[in-house]
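Quick note on my numbering: the sequence shown kicks off at 194 and runs consecutively. Quick reminder that beta carbons are idealized off the backbone N, C-alpha and C, glycines included. Following: one structure in structure tokens, then a few remarks.
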Amino acid sequence: MFGATQTAAYVAGLEDSFNLLVRYPQIGVAAFEIKAGLRRYRYQSHYIF
194 MFGATQTAAY VAGLEDSFNL LVRYPQIGVA AFEIKAGLRR YRYQSHYIF
């Protein structure tokens with residue numbers, strides 16, 4: 194629905210988010226209501242836990 198170019202850009206941004214979280218895991222927002230010590234980070238319409 195979005196096309197190959199937009200899909201590739203979205204996936205690249207998601208990968209950038211993972212790399213950022215590897216370097217700075219504490220930038221995620223606390224999600225302790227789900228599990229103690231758990232954090233979440235939003236990338237557009239997705240959450241990374």
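Collapsed DSSP secondary structure at residue i in the structure displayed
i	result
Y203	helix
A197	helix
I241	strand
Nearest-angstrom Cα separation, counted from residue j out to residue i
i	j	result
Q237	G196	17 angstroms
L160	P218	Coverage of the chain is limited to positions 194 through 242, which leaves residue 160 absent and any answer about it impossible.
R216	A202	21 angstroms
F225	R233	10 angstroms
G141	K228	Because the chain in this structure spans residues 194 to 242, residue 141 falls outside the shown range and cannot be described.
Given residue i as reference, the closest of the options once Cα atoms are compared
i	options	result
I241	L207, K228, A201 and T198	L207
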